[in-house]
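Residue numbers (full-length UniProt numbering): 1 to 281. Scroll down for the structure; my scribbles are underneath it.
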């Protein structure tokens, strides 16, 4: 396939329509402008114009959040309300001095959305399934842009965090840089609570270890005693087996020795017969 054609197709796919543009198209169509004329005027295909007109009710009713220029089919008023409530929660949490991560915010967003979904009456099961929400990395990035949220790094004035290179890195990536008070761990509550939680878990493991070790020691006693009891008949049995075995060896030894003696006589006699002509010569 020609490279120019591929480039044209890829550029055509990337063309997006903002909410304002869609509303303008709907308004002109209601004034009597034909679909073909709208397609020529805005440089879009007739199928795209028709799909916008089919969704005109949802496009008119939606109130886009701050910074939102593109609306998808899956975005409804529930998403708008969820993000508003989520932003309130984020603000309150930051004022309390707690650190928020992407995972924490996404989990809270899912919980708020599910609560709103329960409160909203659904006309059918299909409608409820269409309004499913899975907070992804892309949604989180757009949510931060829409609400002006910046990533925050909080540290305890370590040398690696107060260097010029780190300061430059935070500015380039739009990261807010905050410092805790030296020798005052309570100002970094989330990290300290995490350490405290891990320490309590380790202490709990130690407490569980004591009865476990004690139980092993209690089990060891009857186990060793049982081995000793089994050892006695085993050794006795070996001794009993040894007697006929040794006796059998002795019985086999007699004809073996007797046979060697019988073989020795003709062997010695043959050597003497061979030695006579040698001695005579």
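By construction, the Cβ of each residue, glycine as well, lies at the ideal position given by its N, Cα and C atoms.
Which same chain residues, not among the five before or five after residue i, have their C-beta less than 8 Å away from its C-beta?
i           : result
residue 110 : 133, 134 and 135
residue 270 : none
residue 125 : Confidence in residue 125 is poor, its pLDDT being 40 and thus under 50, which makes the residue's placement unreliable; the coordinate value appears in the next sentence. Counting only Cβ-Cβ distances below 8 Å, and skipping sequence neighbours, we find nothing.
With a cut-off of 8 Å on the beta carbons, I'd call residue i and residue j a contact; round off their distance for me.
i           : j           : result
residue 112 : residue 85  : 5 Å
residue 25  : residue 38  : 6 Å
residue 29  : residue 53  : 6 Å
residue 83  : residue 143 : 6 Å
residue 303 : residue 140 : No information on residue 303 is available, as it lies outside the stretch 1 to 281 that the chain covers here.
residue 93  : residue 100 : 6 Å
residue 116 : residue 81  : 6 Å
Tell me which residues share the same chain as residue i and place their Cβ nearer than 6 Å to its Cβ, disregarding the 5 neighbours each side in the sequence.
i           : result
residue 147 : 87
residue 35  : 46 and 49
residue 22  : 52 and 59
residue 210 : none
Counting only beta-carbon atoms, is residue i nearer than 9 Å to chain B?
i           : result
residue 194 : No chain B is present in this structure, which holds just one protein chain.
Considering only residues of the same chain and omitting the five flanking positions on each side of residue i, which have a CB-CB separation below 7 Å?
i           : result
residue 252 : none
residue 230 : none
residue 108 : 86 and 89
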